[in-house]
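S.K.: Could you have a look at this structure, given as structure tokens, before my questions?
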């Protein structure tokens, strides 16, 4: 009987966490969509002709490789910290870190439980390529590994919606001497059509394709994975989201790039 009670309690905890993630993601989606529709879907081209303004984020390196062709070693991690004010102090997702692993040579992104937390607990990892091809590694109820390949439909547009208004602010990020250069972010303000709320984002144009992160919500249909950083497919693929302060009637969702760091995360495509 005690075992049954523990099982029910664990099921309730998982359900509660799932519902919290669902609601949080819905709120983010609503307010990002509201911002996008303010200016009737108008776009302003933000490409720059001065290539010196494009930030080079990862120095050249002889990245470690595996002798096994089925093994990929991800040597770089992008780490954001976030706070979701509308959640209670002790609730999962109130605050934490989001890790996304990157392979500089292959241009692949790897998302794990360090990225999506408890929301996709059946999935060990998700590998996403710049063209939208993705490999999903999961375990069934018996612990057997399963692999699925899918194709995500990315928006490859390189422009920013008119609703993102440059505000002349600049902030320098990644000043932590971990082997990657400091990054100067430019501020963009967003106002909403039916409220007086404002949101602010800091972005930088880079030499890396962040489309897999900007389109992360597409993975939800296949994995039920949720995240607490408001990446958006309306941000150009080669722009890095450095900081966000997204205001809602329920509180603020704040996120900030904590660091780019060397790491070692290994996956095997066959095992």
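In the working numbering, the protein residues as written are 902 to 1172.
Ideal Cβ positions, reconstructed from N, Cα and C, are used throughout, including at glycine.
DSSP three-state call for residue 995: helix, strand or coil?
M.R.: Residue 995 sits at position 94 when you count from the first residue of the chain shown. In the structure shown, residue 995 sits in coil (DSSP, three-state: anything other than H, G, I, E or B).
S.K.: Check each candidate in 1045, 1101, 1014 and 1123 and name the one with the smallest Cα separation from residue 1086.
M.R.: By one-based count along the chain shown, residue 1086 stands at place 185. Of the candidates 1045, 1101, 1014 and 1123, the one whose C-alpha sits nearest the C-alpha of residue 1086 is 1101.
S.K.: With a threshold of 8 angstroms on Cβ separation, who are the neighbours of residue 1089 within its own chain once the five nearest residues in sequence on each side are excluded?
M.R.: Along the chain shown, one-based indexing puts residue 1089 at 188. Cβ neighbours of residue 1089 beyond the five flanking positions: 1061, 1065, 1066, 1067, 1068, 1101, 1102, 1103 and 1104.
S.K.: So residue 983 and residue 1019 are supposed to be a Cβ contact under 8 angstroms. How far apart are they, rounded?
M.R.: Working through the chain shown from its first residue, we reach residue 983 at position 82. Working through the chain shown from its first residue, we reach residue 1019 at position 118. Going by Cβ atoms, the distance from residue 983 to residue 1019 rounds to 15 angstroms, so no, they are not a contact pair.
S.K.: Going by DSSP, what residue range makes up the beta strand (DSSP E) through residue 1077?
M.R.: Counting from one through the chain shown, the residue named residue 1077 turns up at place 176. Counting along the chain, residue 1077 falls outside any beta strand (DSSP E), and DSSP gives it neither H nor E.
S.K.: Helix or strand or just coil, what does DSSP make of residue 1016?
M.R.: In the chain shown, residue 1016 corresponds to position 115, counting from 1. Residue state, collapsed to three classes: helix.
S.K.: From the DSSP output, in three-state form, read off residue 1096 for me.
M.R.: Here residue 1096 corresponds to residue number 195 of the chain shown, with the count starting at 1. It is coil, neither helix nor strand.
S.K.: Beta carbon of residue 958, beta carbon of residue 1148: below 8 angstroms?
M.R.: In the chain shown, counting from the first residue as 1, residue 958 sits at position 57. In the chain shown, counting from the first residue as 1, residue 1148 sits at position 247. The answer is no: Cβ separation not under 8 angstroms.
S.K.: Please determine, among 1056, 1037 and 999, the residue with the shortest C-alpha to C-alpha distance to residue 1112.
M.R.: By one-based count along the chain shown, residue 1112 stands at place 211. Considering only alpha carbons, the answer is 1056.
S.K.: Out of 1116, 1040, 985 and 977, which has the shortest C-alpha to C-alpha gap to residue 1139?
M.R.: As a position in the chain shown, residue 1139 is number 238, starting the count at 1. The shortest Cα separation from residue 1139 among 1116, 1040, 985 and 977 belongs to 1116.
S.K.: For residue 1169, report the span of its beta strand (DSSP E) as first-last.
M.R.: Numbered from its first residue, the chain shown carries residue 1169 at position 268. From DSSP, the beta strand (DSSP E) with residue 1169 extends over 1152–1169.
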